[in-house]
Amino acid sequence: MAFDRRRRHEGLVRVRTVEYFGFLLEREVEPLPDPFPAELVEAARAALRDALLAGETAHPNQARLRRALERFGFYWRRSGGQVAAAATERLAAALDAQLAHVRSWQDFLDARLALDVDATIPADVRAALEGLPSSLHLYGDRVPLDYEVEQGRGVARLRLKEGQARRLQARDLPPFDRPLRFTVVRGKREALRADSLEELRRQLAGLPREERARLLRSGRRVRRR
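Below is the structure:
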């Protein structure tokens with residue numbers, strides 16, 4: 055079962071595949087009958103829920119749900135995954151309850167769907183998480199700071215320019231309430247990602263000679279400011 059928004063009329067489709075030793079031999083896609091067949095109702099509701107969470111449907115409440123999901127994600131990441139009410143599993147369960155009566159496409163469109171951030175996460179918790187810094191002051195610049203949940207624990211990620219990364223020393227970093235990760239933005243080239251300052255230095259040292267020379271020039275420009 056899947057939600058297909060590419061068709062002329064978006065909706066649920068039933069997908070049948072034939073595989074042989076891991077190779078896909080045949081794939082057949084057909085619209086799901088409406089009303090949904092009794093044996094497929096649960097699968098249909100699950101597909102609709104997943105599409106709502108992904109922001110893919112034309113449901114009248116989809117835009118409002120998308121905004122709520124973005125806010126839940128904001129608090130989830132900043133809390134390091136500690137605000138259980140913002141977990142995807144909790145949000146999915148809330149939508150499941152609101153879709154429990156849906157047996158047709160029209161039932162789905164008529165369903166009143168909502169996720170209330172303010173009623174779910176206490177105001178003091180929201181205020182504390184909103185108060186966490188979004189950037190750090192480093193070498194005269196504001197360096198963006200992102201929050202992530204990594205294997206069940208919270209981390210913060212600094213997004214550095216190449217020159218900043220080259221100069222970075224542990225003493226320049228303020229104390230923080232969670233482990234720091236590093237991303238070096240490199241224009242059109244692939245960004246460097248490191249889990250520690252030591253790993254960041256190793257990656258910078260492993261760059262091709264011409265890139266190291268450019269990094270040094272970048273560092274000198276930063277120091278002349």
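In terms of the working numbering, the sequence shown opens at residue 55 and continues consecutively.
Beta carbons are placed, not taken as given, at the ideal position from N, Cα and C, and that holds for glycine.
- By the neighbour-count criterion, in which a residue is buried when 16 or more other Cβ atoms sit within 10 angstroms of its Cβ, T111 is buried.
- Contact check for L169 against A122 passes: the beta carbons are separated by less than 8 Å.
- In this structure, L153 is the residue among R144, G76, L153, E82 with its C-alpha nearest to the C-alpha of H113.
- If you draw a straight line from the Cα of A182 to the Cα of Q257, it is about 35 Å long.
- The C-beta distance from A147 to I175 rounds to 16 Å, too long to fall under 8 Å, and the pair is not in contact.
- Pairing L145 with P91, the inter-Cα distance amounts to about 26 Å.
- Counting C-beta atoms within 10 angstroms of its own C-beta, V156 has 16 or more neighbours from the protein chains shown and is therefore classed as buried.
- Collapsing the DSSP output to three states places D200 in a strand.
- DSSP, read as helix, strand or coil, puts V156 in coil.
- Inclusion of L192 and Q218 in the CB contact set at 8 Å is warranted, their separation being smaller than that value.
- The three-state reading of DSSP puts F230 in coil, since its state is none of H, G, I, E or B.
- In the DSSP assignment, K215 is bridged to V239.
- If you draw a straight line from the Cα of D104 to the Cα of R225, it is about 45 Å long.
- Distance between R180 and S189, taken at the CA atoms: about 18 Å.
- Taking a C-beta distance under 8 Å as the contact criterion, A101 and F162 do not qualify as a contact pair.
- Around the beta-carbon of S250, fewer than 16 other beta-carbon atoms lie within 10 Å, marking it exposed.
- Inter-residue distance for E216 and G134 is about 27 Å (C-alpha atoms, whole angstroms).
- When rounded, the separation of the alpha-carbon atoms in L149 and R81 is 30 Å.
- 8 Å or more divides the Cβ of R232 from the Cβ of V197.
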